[in-house]
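Counting in UniProt numbering, the sequence shown runs from 1 upward without gaps.
Report on the structure given below.
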Amino acid sequence: MGVSPITSHVLDAARGLPARGVPISISYAPTSSAAFAGQSSVIARGVTNDDGRCPSLLEPTYVLAPGVYTVRFDTKTYFALHGEKSFYPFVDVSFEIDQAAPHYHIPLNLAPFSYTTYRGS
1 MGVSPITSHV LDAARGLPAR GVPISISYAP TSSAAFAGQS SVIARGVTND
51 DGRCPSLLEP TYVLAPGVYT VRFDTKTYFA LHGEKSFYPF VDVSFEIDQA
101 APHYHIPLNL APFSYTTYRG S
């Protein structure tokens, strides 16, 4: 079974648990200037599962073109599910691909007033 070329794992750092129910979208723009100007297109949407993952955002056969990809995490919706407010209504993680690799993993550790991300493996 194949895996989406872009995956994520969201952890609720305040609770020490996977963040279930976080809406996620992925947008694509062909250049960084287009991305900065808001000229991007949503190419995928999903919601994190019980393990805080969204394993099938894109079809495993989806070919990533060079350009800028933005993974948007709807943190306001997630924290509202827990009766909390978040300082950040969403978190955008943008990254640029100049040569396609088979897989990009974008982890997110979040709390109501902070977040951390990095390129995973």
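For each residue, glycine too, the CB sits at the ideal point set by N, CA and C.
All figures in this text were calculated on a predicted structure; none of them were measured in a lab.
Local Cβ density within 10 Å of residue i, reported as buried at 16 or more and exposed below that
i      : result
Pro5   : buried
Ser41  : exposed
Tyr28  : buried
Gly52  : buried
Ser114 : exposed
Ser121 : exposed
Thr7   : buried
Ala65  : exposed
Val47  : exposed
Asp12  : buried
Leu17  : exposed
Per-residue DSSP class, three states only, for residue i
i      : result
Phe73  : strand
Ala34  : helix
Tyr78  : helix
Ala101 : coil
Tyr88  : coil
Residue(s) in a DSSP beta bridge with residue i
i      : result
Arg15  : Bridge partners of Arg15: none, in fact.
Ile106 : Ser8
Pro23  : Val47
Phe95  : Tyr69
Ser121 : DSSP, once it has assigned bridges, lists no residue as partnering Ser121.
message: If contact is defined by three or more beta carbon pairs under 8 Å, each pair taking one atom from either stretch, is the region 53-64 in contact with the region 74-91?
response: no
The region 83-90 touching the region 62-71, judged by at least three CB pairs closer than 8 Å: no
- request: Specify whether the region 32-46 and the region 102-109 touch according to this definition: at least 3 beta carbon pairs, one from each stretch, less than 8 Å apart.
  value: no
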